[in-house]
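Working notes for the structure below.
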Amino acid sequence: MERRDFLKFSASVATLSSLTACNDNSVDVDLIEEIEPDEVITVAACLANCKATCPLMITTVDGVITKVSPETTTKGSEDGFDIRQQRPCARGHSAKQKIYNPDRVLRPLKRVGVRGSGQFEPISWELAFSEIAQKLKAIYEKYGSRSVFNLGGTSSGAIYSATPINNLLNVMGGYTGLFSSMSFSQVDKIMPYMYGSRPFSSIVESKFSDLYLFFGFNPMETGASGAGYGFEWQHVKGNTPVICFDPRYSDSMLGREESHYFIRPGTDAALCEAMAYHLITTDQIDKNFLKEKCYGFWAESEMQDPHNPSLTIPEVPYEECYEAHILGVKDGIPKTPEWASKITGVPSEIIIDVANRLAKAKTPYVIAGWSLQRQLNGEDNIRAVSTLALMVGAVGKRGTSNGDMPYSDFYTTNAAFFLPAVPAHPTNAKVRMSAWPRAILGGKEMTIIKDDIILPADEIDENGDGNLGSNIKCIWVRGGNHLGQQGDSFKISSELSDENNVELIINIENHMSSTAMYSDYVLPEMTWYEQTDLPFSNLQSGSMTFVIATTGIPRIGDTKSTWEICDGIARKLGIENEFSMGMTEYEVLEHAYSILKSLHPELPPTLKEMYDKKIVKFPNPCNESYESAIKHCAMYEYVNNGGILNTASGKIDIFSHKLRQLSEKNIIPDYWLGKDYINSIPKYMVVPGGFEDETQASEYPLQLVNYHAKSNVHSGYTNSSWLNEAVRRAAWINPADANGILDGDEIIIESKYGKIKVEARLTHRVMPGVISYAQGFKFTPVGNVDIGGNVNSLTTHMMTSPVAKGTGVYSNRVRIYKA
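For the sequence shown, the UniProt record's numbering begins at 1 and goes up steadily by one.
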């Protein structure tokens with residue numbers, strides 16, 4: 001009997017007993033009152049990979065969600081800025097739509113048709129465990145551990161993550177994993193060449209700023225929650241003027257800005273070079289800062305290596321330095337505002353005016369969104385923005401940034417880092433997130449220099465190179481939709497459809513995603529709302545860090561946790577004890593919590609008491625103290641107190657000898673345009689799919705940019721009808737590019753790599769010559785057209801950035817026409 005029915009039955013019996021006691025032999029059943037079942041309130045978290053984890057209060061009746069609310073652990077006078085209530089955006093509030101969606105996978109499935117056909121049959125857990133264990137063992141024996149790829153996924157908390165899969169595969173003999181990110185691979189790789197690490201300023205540091213200069217930075221959409229850095233920016237911004245360059249007039253502007261200027265995608269480095277030209281020629285640069293704290297803006301003499309006194313660093317001749325490049329000493333092209341205007345589409349007088357504004361500001365907060373570094377010239381785009389800030393001394397000073405995105409320090413509150421783990425197998429290798437599709441057929445030829453893979457030290461030769469040596473034969477996916485998030489979805493789907501390429505695909509998933517459609521086994525995992533875990537604050541959760549103890553609602557369907565799934569497979573392989581390390585799933589969390597407790601004594605004594613507490617928040621105030629400056633302001637310690645950075649020169653490297661050495665090792669790929677590839681100094685480069693790509697311009701006249709829609713993060717909320725009704729899913733087209741297309745028409749967007757069918761939205765909020773369309777929708781191919789509107793059906797993974805070998809999917813040209 002269901003609990004609800006039991007409660008109704010009990011209520012009826014109780015009422016009848018009461019009536020009988022009154023000696024009334026005739027019972028009118030209409031008088032029987034039902035007792036309302038009790039409401040249960042638990043804590044969950046939205047882990048949608050918007051990089052701003054949000055706690056949720058889930059109200060259930062008989063295990064069924066009736067209400068989703070913000071957390072209420074901070075109330076009244078306690079609710080301020082440093083410690084505050086966290087409020088989810090519309091995505092978090094639509095939890096019911098996610099958990100009760102018709103595409104929810106509620107029992108194990110085995111593929112019976114061809115991959116992508118959607119033909120599956122139910123299978124028992126025990127049979128699934130047995131078949132997967134047998135097939136997995138055979139692949140290890142035939143192809144070796146490098147053939148087994150754990151692609152994981154980005155939907156994760158602590159034990160609700162890919163860690164159990166890592167443990168299982170390490171016990172079995174190792175695997176090939178992923179590193180870096182589709183989101184920020186280029187900036188993550190290039191910043192250490194300039195700064196020796198990847199320093200960040202927080203968004204609250206900008207409270208000391210007197211000017212915001214944004215390059216494609218969009219905090220109100222990428223950080224949309226009511227507790228993360230979007231919220232913080234609105235709080236600290238005040239009347240500080242905002243100047244923004246972006247191909248799209250985003251929701252972060254909407255009157256918040258002083259000035260918004262359209263700029264062609266991928267041309268930000270040219271804009272920065274033109275501003276640099278004006279600053280140099282009008283003597284508005286911070287010469288002392290550039291001389292004392294930076295290296296390579298001007299010529300540099302041969303010097304002793306600051307890290308190894310027995311070595312020397314060669315000179316930088318003047319014609320190779322940054323100033324000479326800006327003035328056109330070597331190439332004969334001065335990087336004037338007029339030169340840049342033709343490339344960027346920004347009027348020269350605007351370039352001059354903004355450069356003057358930047359020079360006059362005392363504490364400008366200069367920042368670039370991650371979209372700049374998803375171009376094929378993305379590393380130099382980011383370096384150019386950072387160099388512009390350096391030229392006016394706007395790094396390491398209170399109220400400034402270094403050009404990178406703002407960041408939240410969440411490491412010490414992240415239980416996932418402290419989970420007990422099976423030691424990594426010594427043969428493990430790693431491939432960049434953006435590169436895994438190339439490993440399907442080309443893994444044997446992937447190398448460190450050509451593809452930026454990671455290998456064990458004993459496999460690296462004297463030239464710093466080494467070979468992966470294996471194609472993908474088995475893929476594990478958990479909590480991610482890689483088919484939709486990678487460039488060239490049509491190409492990937494074609495390669496995955498052939499079982500001779502990848503012989504086994506295992507997908508641990510909540511919903512029938514496009515990746516699940518191409519899997520051999522779809523194993524249903526509990527959602528975030530059903531999971532007992534310790535989710536953490538994230539990259540864009542803001543300066544207030546926190547730990548959430550989620551208790552979860554009763555499981556729906558025949559679902560399991562990733563730990564239980566891996567434990568079941570390990571049992572079939574006879575390695576259960578090695579996998580579990582003698583612990584239960586809860587004991588694993590207890591171990592991680594004990595380390596969190598040692599780092600944060602203010603946490604409750606035990607994990608059980610933490611679950612009673614629900615949420616613990618840690619203030620990280622931004623004030624004028626030295627301690628606050630170290631935490632919130634990038635490069636504050638170095639700029640104000642000196643030291644030697646982990647760069648070639650020991651200073652901030654505008655000219656990088658390490659990049660020069662890397663350039664000598666790399667071969668320029670055949671698809672590259674021009675002679676510049678890996679540059680010692682940041683340069684604007686013409687790249688495939690960019691504005692100046694004349695090989696594509698006539699056939700594909702428009703540039704395509706994509707963004708994170710408010711209705712979904714990647715594909716995590718694509719299936720929410722509420723959000724789809726709230727946010728119009730359409731391609732933004734400037735009326736000047738419509739060519740007879742009307743608002744609301746169905747159109748085809750076509751590139752060299754594929755076609756998608758979407759709705760047209762005519763708007764002046766996008767630059768002429770540019771199409772803007774949100775990413776994250778479900779890859780749904782019908783013939784050669786993706787009717788689901790997945791933007792990566794139009795992009796490619798076969799061309800990568802020079803240094804990080806990262807994704808360049810924002811360098812893309814298209815054409816449009818009526819469907």
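Heads up, the beta-carbon is just placed ideally off N, CA and C, and yes, glycines get one too.
Output the distance between the C-alpha atoms of residue i and residue j, rounded to the nearest integer angstrom.
| i | j | result |
| --- | --- | --- |
| Asp533 | Ala45 | 9 Å |
| Ser341 | Tyr684 | 13 Å |
| Leu47 | Ser537 | 10 Å |
| Ala227 | Gly80 | 11 Å |
| Leu573 | Ala133 | 6 Å |
| residue 856 | Ile449 | Since the first residue shown for the chain is 1 and the last is 819, residue 856 is missing from the structure and cannot be characterised. |
| Leu136 | Ile595 | 34 Å |
| Arg111 | Lys335 | 58 Å |
| Arg432 | Leu213 | 31 Å |
| Trp672 | Tyr229 | 37 Å |
| Ala804 | Ala158 | 28 Å |
| Lys189 | His278 | 29 Å |
| Ser197 | Ile123 | 49 Å |
| Ser656 | Pro781 | 45 Å |
| Tyr626 | Cys633 | 10 Å |
| residue 820 | Gln696 | Missing from the structure shown is residue 820; the chain here goes from 1 to 819 and no further. |
| Ala549 | Gly754 | 44 Å |
| Val770 | Asn792 | 17 Å |
| Gln531 | Gln540 | 23 Å |
| Asn49 | His714 | 8 Å |
Buried or exposed for residue i, please, with buried defined as at least 16 other CB atoms from any protein chain shown within 10 angstroms of its CB.
| i | result |
| --- | --- |
| Val187 | buried |
| Thr281 | exposed |
| Pro669 | exposed |
| Leu504 | buried |
| Leu254 | exposed |
| Ser408 | buried |
| Gly808 | buried |
| Val114 | exposed |
| Gly582 | exposed |
| Gly806 | buried |
| Leu16 | Because Leu16 sits at a pLDDT of 29, beneath the cut-off of 50, its placement in the model cannot be relied upon, and the following sentence gives the value as read from the coordinates. Classification of Leu16: exposed, given that the 10 Å Cβ count is below 16. |
| Ala726 | exposed |
| Tyr717 | buried |
| Ala736 | exposed |
| Leu599 | exposed |
| Ile667 | exposed |
| Cys22 | Its pLDDT being 39, under 50, Cys22 is placed unreliably in this model, and the value from its coordinates should be taken loosely. Classification of Cys22: exposed, given that the 10 Å Cβ count is below 16. |
| Gln304 | exposed |
| His482 | buried |
Output needed for residue i: all residues of its chain with C-beta closer than 8 Å, excluding positions within five of it in sequence on either side, in chain order.
| i | result |
| --- | --- |
| Ile333 | Trp339 |
| Thr59 | Glu39, Val40, Ile41, Ile65, Thr66, Lys67, Val68, Ser69 |
| residue 821 | Only positions 1 to 819 of the chain appear in the structure, and residue 821 is not among them; the question remains open. |
| Arg728 | Glu759, Arg761 |
Identify, in the order they occur along the chain, each residue of the same chain with its Cβ nearer than 7 Å to the Cβ of residue i, setting aside the five sequence neighbours on each side.
| i | result |
| --- | --- |
| Ala269 | Asn377, Asp380, Asn381, Ala384, Pro682, Lys683, Tyr684 |
| His511 | Asn101, Asp103, Arg104, Val105, Asn719 |
| Arg146 | Thr176, Ala429, Leu468, Gly469, Ser470 |
| Glu609 | none |
| residue 821 | This structure cannot settle anything about residue 821, because the visible part of the chain is limited to 1 through 819. |
| Gly788 | Phe777, Lys778, Phe779, Thr780 |
| Ile454 | Phe179, Ala429, Lys430 |
Going by beta carbon distance, what residues of the same chain come within less than 6 Å of residue i, once the five residues before and after it are set aside?
| i | result |
| --- | --- |
| Arg264 | Thr344, Gly345, Phe691 |
| Glu578 | Val171 |
| Ser628 | Cys622 |
| Ala361 | Asp210, Leu211 |
| Gly650 | Pro306, Ile644 |
Please find out if some non-hydrogen atom of the ligand MG comes closer than 7 Å to the beta-carbon of residue i.
| i | result |
| --- | --- |
| Thr584 | You won't find the ligand MG in this model; it holds no ligand whatsoever. |
- Message: Whether or not the region 376–396 and the region 413–429 are in contact is what I'm after, with contact meaning three or more pairs of Cβ atoms, one per stretch, closer than 8 Å; do they touch?
- Response: Contact between the region 413–429 and the region 376–396 is absent: fewer than 3 CB-CB pairs across the two stretches fall below 8 Å.
- Message: Quick check: the region 143–158 against the region 468–486, are at least 3 beta-carbon pairs closer than 8 Å?
- Response: In short, these stretches touch, since the Cβ pair count reaches three.
- Item | the region 308–328 touching the region 232–247, judged by at least three CB pairs closer than 8 Å | Fewer than three Cβ pairs drawn from the region 308–328 and the region 232–247 lie within less than 8 Å of each other, which leaves the two stretches out of contact.
- Spell out a yes or no on whether the region 443–460 and the region 484–496 are touching, meaning 3 or more CB-CB pairs, one atom from each, closer than 8 Å. With a cut-off of 8 Å on Cβ pairs, the region 443–460 is not in contact with the region 484–496, counting fewer than three such pairs.
- Message: Extract the residue ranges of the alpha helix (DSSP H) inside the region 717–803, only unbroken runs of 4 or more that lie entirely within it.
- Response: Entirely contained in the region 717–803, the alpha helix (DSSP H) runs reaching 4 residues are, in chain order, 721–726.
- Item | alpha helix (DSSP H) runs wholly inside the region 347–424, at least 4 long, in chain order | Entirely contained in the region 347–424, the alpha helix (DSSP H) runs reaching 4 residues are, in chain order, 348–360, 378–391.
- Task: Quick one: which unbroken alpha helix (DSSP H) runs of 4-plus residues sit fully inside the region 142–219? Chain order, please.
- Result: Correct list: 163–172, 185–195.
- At least three beta-carbon pairs within less than 8 Å, the region 788–801 to the region 737–744: Segment contact: the region 788–801 against the region 737–744, fewer than three CB-CB distances shorter than 8 Å; contact not assigned.
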